[in-house]
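Notes follow the structure.
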Amino acid sequence: MSHSIIDLIGNTPLVESRVVNTNPNVKLYFKLEGQNPGGSVKDRAALNMIKSALDRGDISTSTKLIEATSGNTGIALAMIANIYGLSIELVMPENATLERVQTMRAYGATVTLTSSSVGIEGARDYAEDKVKNDGFVMLNQFGNDDNWKAHYKSTGPEIWEDTHHKVTHFVSSMGTTGTIMGTSTYLKEQNKEIQIVGVQPTDNSSIPGIRKWPQEYLPKIFDASKVDSVLEVSQEEATQMTLRLAKEEGIFAGMSSGGAAAAAIRLANTLESGVIVSIICDRGDRYLSSGLFD
């Protein structure tokens with residue numbers, strides 16, 4: 002029995018690919034982060050950022066929080082802020098799916114939509130302006146070390162233990178880069194030979210949750226030395242793999258997960274042997290209105 006919903010964050014399952022991975026000499030496991038109570042991997046970072054800020058005295062119940070988000074972090078922050086009695090305004094591009102906006106509001110957050118023409122960068126600029134001029138406090142997932150430390154403390158150790166120390170490759174999409182930074186740091190401490198593979202979209206591809214950041218918006222927590230290689234996937238590749246995951250593996254996930262899985266399959270086909278873990282970031286139900294599954 003758990004005393005709070007936040008006690009259920011983490012310890013998500015690994016499931017072996019039985020269909021989409023066709024290399025019999027490589028084990029491919031998907032880590033199902035959609036099993037977190039807020040529905041995504043971002044529950045981990047949101048909890049660590051809020052709890053650490055409260056413990057340090059950086060924020061209190063009188064603090065006006067604001068954060069720019071493309072969706073999943075906002076949902077996680079809305080859920081956890083509400084549990085701790087905090088008010089929060091979440092800023093996101095207006096092309097965000099209706100499900101994500103409604104979920105944030107259901108948790109009690111104020112949601113502000115910015116022009117989709119300036120993307121998440123525009124949402125970040127709006128939030129930073131509110132911090133400068135209106136007394137808001139931003140947790141700043143893009144520059145907050147408590148983001149990646151959440152994965153150092155939980156995601157990395159879980160993968161290491163659940164693969165019985167046999168993981169050889171870790172594959173993750175890159176948005177804020179917190180997941181790949183923290184998990185890489187932990188896994189490399191256990192075995193420096195483990196290969197860390199980041200996933201980015203090809204030029205002119207739009208994959209929610211994955212970005213190829215302009216240099217001026219590159220997350221401050223990102224350290225290129227912690228990533229051994231980067232694979233690029235197209236929007237079409239990510240879409241098709243997302244559909245295959247649902248139909249062939251029974252894994253209902255969003256497009257960023259499909260992108261990571263497509264990269265993991267490509268990687269598996271180049272290996273003579275190995276144990277790959279790929280992050281399934283969230284669930285597909287928050288993308289139903291996008292037409293992805295039509």
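Using my numbering, read the sequence shown as starting at 2 and increasing by one per residue. Even for Gly, the Cβ is constructed at its ideal location relative to N, Cα and C. The model shown is predicted, which means the values in this text are computed figures rather than measured ones.
For the alpha helix (DSSP H) holding residue i, just list the boundary residues, first then last.
i: GLN236; result: 236-245
i: THR113; result: Counting along the chain, THR113 falls outside any alpha helix (DSSP H), though it belongs to the beta strand (DSSP E) covering 111-115.
i: VAL102; result: 99-107
i: ASN73; result: 73-84
i: LEU268; result: 256-269
Per DSSP, which residues does residue i bridge with? Please list them.
i: GLY199; result: SER173, VAL231
i: LEU91; result: GLU68, VAL112
i: LEU293; result: Answer is none; LEU293 lacks a bridge partner.
i: SER41; result: ASP283
i: LEU15; result: LYS32
Closest to residue i by C-alpha separation, out of the options, would be which residue?
i: ILE281; options: ALA262, ASN96, MET50, GLY144; result: ALA262
i: LEU15; options: TRP214, LYS193, LEU232, TRP161; result: TRP161
i: GLU122; options: SER71, ARG101, LEU78; result: SER71
i: GLN201; options: LYS193, ARG267, GLU249, SER174; result: SER174
i: VAL168; options: ASN134, ALA269, ASN141; result: ALA269
i: ALA128; options: GLY120, VAL172, LEU91; result: LEU91
i: SER318; options: LYS65, ILE266, SER207; result: No statement about residue 318 is possible, as the shown extent of the chain runs from 2 to 295 and does not include it.
To which residues of the same chain is residue i closer than 7 Å at the C-beta, ignoring the five residues directly before and after it?
i: VAL228; result: ILE181, SER185, ILE197, GLY199
i: GLY259; result: ALA239, THR240, MET242, THR243, LEU246
i: GLY40; result: ILE76, ASP283, ARG284, ARG287
i: ARG106; result: VAL112
i: ASP44; result: ILE10, ASN37, PRO38, ALA77
So the beta strand (DSSP E) residue i belongs to, where does it begin and stop?
i: GLY275; result: 275-281
i: LYS32; result: 27-33
Only counting the same chain, and skipping five residues up and downstream in sequence, which positions put a Cβ closer than 6 Å to that of residue i?
i: GLU238; result: ALA263
i: ALA46; result: ASN148, ALA151, GLY179
i: ILE6; result: PRO38
i: ALA82; result: ILE89
i: THR212; result: Correcting the residue identity first, residue 212 is Arg in this sequence and not Thr. The residues are GLY176.
i: GLU233; result: GLN201, THR203
Given residue i, which residues of its chain have a CB within under 8 Å of its CB, disregarding the five upstream and five downstream residues?
i: ASN49; result: ASP147, ASN148, LYS150, ALA151, LYS154
i: THR164; result: LEU15, TYR30, VAL276, VAL278
i: ILE84; result: SER5, ILE6, ILE7
i: LEU33; result: THR13, PRO14, LEU15, VAL16, ILE252, ILE281
Measure from the C-beta of residue i to each C-beta in chain B and report whether the shortest distance is under 7 Å.
i: ASP147; result: You won't find chain B in this structure, because it holds only one protein chain.
Please give me, in chain order, every unbroken run of the beta strand (DSSP E) with length at least 3 that falls completely inside the segment 119-200. Taken in chain order, the complete beta strand (DSSP E) segments of 3 or more residues contained in the segment 119-200 are 170-174.
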